[in-house]
Structures are given as structure tokens and as C-alpha cells.
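Numbering (the UniProt record's numbering), first residue to last: 1 to 158. Cβ atoms here follow ideal geometry from the backbone N, Cα and C, with glycine treated the same way. Everything on this sheet refers to the single structure shown next.
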Amino acid sequence: MTNEEVWKALETVKDPEIHSISIVDLGMVEQVDVRDGAVSVCLLPTFLGCPALDIIRTRVEEAVKQAGASAVTVEFLRHPPWTSDRISEAGRERLKQFGIAPPPRQMPSGAWQVACPYCGAERTVMENLFGPTACRSIFYCKQCKNPFEAMKPVLISG
Numbered sequence: 001m002t003n004e005e006v007w008k009a010l011e012t013v014k015d016p017e018i019h020s021i022s023i024v025d026l027g028m029v030e031q032v033d034v035r036d037g038a039v040s041v042c043l044l045p046t047f048l049g050c051p052a053l054d055i056i057r058t059r060v061e062e063a064v065k066q067a068g069a070s071a072v073t074v075e076f077l078r079h080p081p082w083t084s085d086r087i088s089e090a091g092r093e094r095l096k097q098f099g100i101a102p103p104p105r106q107m108p109s110g111a112w113q114v115a116c117p118y119c120g121a122e123r124t125v126m127e128n129l130f131g132p133t134a135c136r137s138i139f140y141c142k143q144c145k146n147p148f149e150a151m152k153p154v155l156i157s158g
């Protein structure tokens, strides 16, 4: 089994809460190690308290074993912390297609500007900081009059 085969298998593992995006596109995969057919995968949780981590672990183990690994270990790392700028361009597009506004890549001081994933307008307002999951907030678009979710930005200040 090669690193490339493992990464290809990981592309099939979708986020349990956002079925259109893989853990690879979310930037959760930090490291892959292949030795004598055994595979070790190190993942960065998007939020430490995420209730989907056990599901993700199981799906990673299943996908990599199905691809040919003799054994799979999955470890969730706390360092480095996951940040929302790890989301790939393809992942950002898939979030929009799912109806979720992707987080900004950079956030200057001030208000968090969110474009509507449906019409692209920036005439949006946050209705609730707390959405259906810890990583999302509820917004409303004044242009197309649709409510939508936005993924919260998690950035390292420096």
C-alpha cells in the first residue's frame, strides 16, 4: 500500500455532518504513514468537542482497510490546531454547493463578512452565533431573503 493509495481512500471519507466534503478537503488530514502494509493516519479535529470524531475514525479505518491496508490506526492530534484556512478551494466550493458559506481565509479586525452561498451577495446578517453544530452559525441574506449557515472562522492570530 502506498501513501497515494491511502490519500485516495481518505478522499472518499466524507464529513458526517456535511456529506459533500471529504476530510481531505476540510484539511483534517495532517499525516499519513505507511509501513509494511500498516497505515497510521493523524487527523486534526475541526473542533475538539466534535461529536462526529468516532464516526470519522471508523470511516477512515474502513476506507483504508478496503483500499488494502493490513492494519489502520487513527489518531486525533491537538497540535497543530486545525484552522479554517486549511479548507481547500474545492472544499470551499463544495460547502457553497451544500448551502454553507465557507469561512473567510483572513479576518481583519472588525465584523465577520459572509457572502450568501446562494446568490453571492454580501448583504447578510448573523441571526445566531450558534447553529446546528459548534462549527456553524446562522445567517440571513437580505438580497435573496434566504437563511443559511456559515462555517465559523478558526484562524491563528499572529
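DSSP three-state assignment for residue i, whether helix, strand or coil
i: K145; result: coil
i: V34; result: strand
i: A150; result: strand
i: E127; result: strand
i: V6; result: helix
Integer Cβ distance of residue i from residue j, believed to fall under 8 Å
i: P117; j: K142; result: Not quite, the Cβ-Cβ distance comes to about 14 Å (not below 8 Å), so this is no contact.
i: M1; j: G37; result: 6 Å
i: M126; j: F139; result: 6 Å
i: F148; j: G68; result: Wrong, their Cβ atoms sit about 40 Å apart, outside the cutoff.
i: A90; j: D15; result: Contact doesn't hold; Cβ gap of about 13 Å is too wide.
i: V32; j: N3; result: 5 Å
Neighbourhood of residue i by C-beta, 6 Å cutoff - its chain only, sequence neighbours within 5 removed
i: V104; result: Correcting the residue identity first, residue 104 is Pro in this sequence and not Val. Answer for P104: P153, listed in chain order.
Cβ-based neighbour list, residue i, same chain, cut-off 7 Å, excluding 5 preceding and 5 following
i: C135; result: T46, F47, M151, K152
i: R94; result: S20, I21, D25
Beta-carbon gap between residue i and residue j smaller than 7 Å
i: V34; j: L10; result: no
i: V39; j: V74; result: no
i: residue 215; j: L155; result: Residue coverage of the chain in this structure runs from 1 to 158, which leaves residue 215 outside it and unanswerable.
Close Cβ partners of residue i (< 8 Å) along its chain, the five nearest in sequence each way excluded
i: A52; result: D15, P16, E17
Taking only runs that begin and end inside the region 37 to 103, name each unbroken alpha helix (DSSP H) of 4 or more residues, in chain order. 53 to 66, 89 to 97
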